[in-house]
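Enquirer: The structure's right below; bear with me while I get my questions together.
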Ligand SMILES: Cc1ncc(COP(=O)(O)O)c(C=O)c1O
Ligand SMILES: Cc1ncc(COP(=O)(O)O)c(C=O)c1O
């Protein structure tokens, strides 16, 4: 069968780690999972309860932009979290933030356009852009800029700039001033700014700033996946400028018909105070995990780490230890029984010298993982 | 905000009908819905029960290709329905068949490629192709060919051909011979054949033939939406040639991460004999509805209809009555209280002279709708 050029996107190197971890577990070994990018906690109880009640009704297609009550609920979240008064008409519910990228890239960019993406960064930005015939242009961000782009990093002549704060894998944030500088610069050059805010709510000191606090001329993307522990449910959203709603409605109706109905019902109930209390309890676990990570990783030799402002990742520069992070990750799995992610998926240039440690699991798991890593590093 | 050219896809004209119907209902009128493209029945009881049991576990991301048991279950369906022995490795679970189109078009076609689509046909083929910078090329099919393309309709130099049997809006099928002729011709010209089989299971005499019965060199698309009454759940699938699985895996991981987990659990339980019995009971209702439609529509003046082999639609040529099917549909809604779909969304050339009647609702609704239509036609 014929295949397209654009369909030939890069493999995920982390899949090799996951497959090796699976094999190790199948052979009876106990593995600590620091490679995962998702909570191990279930969706909020209220979300599951609401869904259970709704199951009596046929769950047909919803309208393309999402259940009106959910769009209102999401607008309410902007009021509570950021003090931003948002018209629910500007909220577009999508099948995960992944679906939001597909929609945003189709609505904003034509084939051959160029979009700047930060390196290190979430690999799917690049791959989805390629699959849609848009050219990703890597911005090699610098440690002294918290691995976040600054205006000078934005290449000439791009049609779009993709940012993420807190970022994956870095966990670093753009503060209000850094974000404002990027807003200003993208407006100056007429590039669309897309702000991935999927790790909002998961911060440990400074509150993450939404691009919507600074401008309406931005596409903001978020999701129920991380803060609300709802990865498998596939509900995300976009906030778009008023003049893009009609385009989004038509595109979403054709590309997705709608986000999963049952999941939308669950997501709506995730916006209640009791659900948010549950999410905050998960956050307290991450905070304790993060405290342990920051206390112990540097002491055992992982001392060049990005400022871990948010999300549930620590990104470490291990270029003093290896120039083959995939081999190092394989060795750590093999000898320490800890699965970690080599940086190659996130940064095609420097990723062979970096590792990402996730601390999304229980504190018991994280403590055990750190013990194993410490023994491994001591034995090197 | 900047917007792309490709994002400017056509509006759905049926939305105007639906909005008018909603307003009429809000003002207290009773409307019979013959415009809908989905069952009004719930997902099979076993599917809901299975989901209820699974809710105790966190539903994280599944692997990108879908739950292995679900892929096996789908392969089993090919054995039961078609006697085809299918390797489950070739099954890719997607967020609805809508997600399957996105994946197939990304994997098969580059920007600027041309893909033939039948007219009349499901409008989203065209719009998704456009949103991905692929050019849809309409094939005006003929009544004497059951509104299905024949090899001579396939334009020169296309990279792909999209077929659907039973089709939407026509409800007509390609028999084995007609399908074989299209398989042969597309192979001759090196075009990818994509077969949308979403209405399989919903047939009323001849059994729908799967392209997989004839060749492995095809991309087959299907879904739990229609036969299994699971539209809002957003689970569909692709069957691809063995050498495309790796590409699909990578694309799906980046574009969707996975299909909704809860919905995959429900879909797996929809493949049990008890669920299929429920689906067959729904089919019996459609069969009775179809019988009423075929008895009464021609008698009241809708006598130029496509052979309604499957799905739950009757497609009528009303060009003797009007050259503005949208206005006719509005008038039928206004004066008869029946919502029907004007053909313009399905056929940009001839759709102003056609209507689609859906009979997916209860037999009581359909009988009442037919009474109203008969009075309307008598009073014209
Ligand atoms: C930065 C970032 N954005 C987006 C996503 C996609 O998440 P989802 O599609 O579940 O909303 C992820 C998932 O790991 C991520 O890390
Ligand atoms: C012919 C055809 N294909 C595909 C679809 C999309 O269905 P889904 O995405 O729910 O699987 C529809 C929906 O009406 C359809 O009529």
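Chains as they are written, first to last, in the UniProt record's numbering: chain A, 1 to 380; chain B, 1 to 380.
Where is the CB? At the ideal position from N, CA and C, for every residue including glycine.
Taking the straight line between their C-alpha atoms, what separation do you get for residue 284 of chain A and residue 145 of chain A?
Expert: If you take the alpha carbons of residue 284 of chain A and residue 145 of chain A, they lie about 27 Å apart.
Enquirer: Helix, strand or coil for residue 245 of chain A per DSSP?
Expert: Reduced to three states, the DSSP call for residue 245 of chain A is helix.
Enquirer: Check the Cβ-Cβ distances between residue 109 of chain A and every residue of chain B, and say whether any is below 8 Å.
Expert: Answer yes: the Cβ-Cβ gap between residue 109 of chain A and chain B drops below 8 Å somewhere.
Enquirer: Mind checking who residue 369 of chain A pairs with in its DSSP beta bridge?
Expert: Residue 369 of chain A pairs with nothing; no bridge assigned.
Enquirer: Let me check one thing: in DSSP terms, what residues is residue 135 of chain B bridge-paired to?
Expert: Answer is B:114.
Enquirer: Distance cutoff 8 Å, beta carbons only. Does residue 162 of chain A sit that close to anything in chain B?
Expert: No - not a single Cβ of chain B is within 8 Å of the one on residue 162 of chain A.
Enquirer: Going by beta carbon distance, what residues of the same chain come within less than 6 Å of residue 201 of chain A, once the five residues before and after it are set aside?
Expert: Cβ within range, chain order: 227.
Enquirer: Tell me the rounded alpha-carbon separation between residue 330 of chain A and residue 318 of chain A.
Expert: Cα to Cα, the separation comes out at about 14 Å.
Enquirer: Under 8 Å, CB to CB, which of the residues in the segment 130 to 143 of chain B have a partner in chain A?
Expert: Residues 131, 132, 133.
Enquirer: Taking C-alpha atoms, which residue in B:240, B:223, B:100 lies nearest to residue 217 of chain B?
Expert: Selected option, being the one with the closest Cα: B:240.
Enquirer: Cutting at 6 Å between CB atoms, please list the residues of its own chain near residue 25 of chain B, excluding the five before and the five after it.
Expert: 31.
Enquirer: What I want to know is whether the C-beta of residue 196 of chain B ends up closer than 7 Å to one or more non-hydrogen atoms of ligand 2.
Expert: Because some heavy atom of ligand 2 lies under 7 Å away, the Cβ of residue 196 of chain B counts as near it: yes.
Enquirer: Would you identify the three-state DSSP class for residue 119 of chain B, choosing helix, strand or coil?
Expert: Of the three classes helix, strand and coil, the one that applies to residue 119 of chain B here is strand, per DSSP.
Enquirer: Return the chain-ordered ranges of every beta strand (DSSP E) run that is complete within the segment 155 to 196 of chain B and spans a minimum of 3 residues.
Expert: List check, beta strand (DSSP E) in window: 160 to 164, 192 to 196.
Enquirer: Tell me residue 76 of chain A's beta-bridge partners as DSSP assigns them.
Expert: Answer by DSSP bridge pairing: none, since residue 76 of chain A is not bridged.
Enquirer: Counting only runs that start and end within the segment 279 to 342 of chain B, where is the alpha helix (DSSP H) found for 4 or more residues in a row?
Expert: Taking only runs of at least 4 residues, the alpha helix (DSSP H) segments lying wholly in the segment 279 to 342 of chain B are 325 to 336.
Enquirer: Let me check you understand the geometry: is the CB of residue 257 of chain B closer than 7 Å to at least one non-hydrogen atom of ligand 1?
Expert: Checking the Cβ of residue 257 of chain B against ligand 1 gives yes.
Enquirer: Can you tell me which of the three DSSP states residue 140 of chain B falls into?
Expert: Strand, per DSSP.
Enquirer: What is the rounded straight-line gap between the Cα of residue 247 of chain B and the Cα of residue 106 of chain A?
Expert: If I take the Cα positions, the gap works out to 21 Å.
Enquirer: Do you know how far the Cα of residue 124 of chain B is from the Cα of residue 149 of chain B?
Expert: Whole-angstrom Cα-Cα distance: 18 Å.
Enquirer: Is there a Cβ of chain A sitting closer than 8 Å to that of residue 55 of chain B, yes or no?
Expert: Cβ-Cβ to chain A under 8 Å: yes for residue 55 of chain B.
Enquirer: Starting from the beta carbon of residue 87 of chain B, find every residue of chain A whose beta carbon is closer than 9 Å, and list them in chain order.
Expert: Per Cβ cutoff of 9 Å: no residues; residue 87 of chain B is ~15 Å from chain A at best.
Enquirer: For residue 70 of chain B, which residues of its own chain have a beta-carbon under 7 Å away from its beta-carbon, when the five flanking residues on both sides are left out?
Expert: Same-chain partners within the cutoff: 93, 264, 267, 268.
Enquirer: Would you kindly check if the distance between the Cβ of residue 85 of chain A and the Cβ of residue 79 of chain A is under 8 Å?
Expert: Contact flag set, yes.
Enquirer: Is any non-hydrogen atom of ligand 2 found closer than 7 Å to the C-beta of residue 208 of chain A, if you look at the structure I gave you?
Expert: No, the Cβ of residue 208 of chain A stays beyond 7 Å of every heavy atom of ligand 2.
Enquirer: Grab me the residues of residue 251 of chain A's own chain with a C-beta within less than 8 Å of its C-beta, minus the 5 sequence neighbours each way, in chain order.
Expert: Here the set comprises 103, 106, 107.
Enquirer: Please report whether the beta-carbon of residue 257 of chain A lies at a distance below 8 Å from any beta-carbon of chain B.
Expert: True, the Cβ-Cβ gap to chain B drops below 8 Å.
Enquirer: Name the one or two DSSP bridge partners that residue 238 of chain A has.
Expert: Residue 238 of chain A pairs with A:92, A:221.
Enquirer: With DSSP collapsed to three states, give me the class of residue 128 of chain A.
Expert: Correct three-state label for residue 128 of chain A: helix.
Enquirer: Below 7 Å on C-beta distance, what does residue 250 of chain A contact in chain B?
Expert: The contacting residues are 9, 11.
Enquirer: Taking only beta-carbon positions, decide if residue 260 of chain A is within less than 8 Å of chain B.
Expert: Taking Cβ atoms only, chain B reaches closer than 8 Å to residue 260 of chain A, which makes this a yes.
Enquirer: Taking all protein chains shown into account, decide if residue 295 of chain B is buried (16 or more other Cβ within 10 angstroms of its Cβ) or exposed.
Expert: Residue 295 of chain B should be labelled exposed.
Enquirer: Is the closest heavy atom of ligand 1 to the C-beta of residue 227 of chain B under 7 Å?
Expert: Checking every heavy atom of ligand 1 against the Cβ of residue 227 of chain B, none is found closer than 7 Å.
Enquirer: Can you name the residues of chain B whose CB is closer than 8 Å to the CB of residue 233 of chain A?
Expert: Ordered by position in chain B, the residues that pass the 8 Å Cβ test against residue 233 of chain A are 59, 260, 261, 262.
Enquirer: Are the CB atoms of residue 208 of chain B and residue 310 of chain B nearer to each other than 8 Å?
Expert: Closer than 8 Å, so yes.
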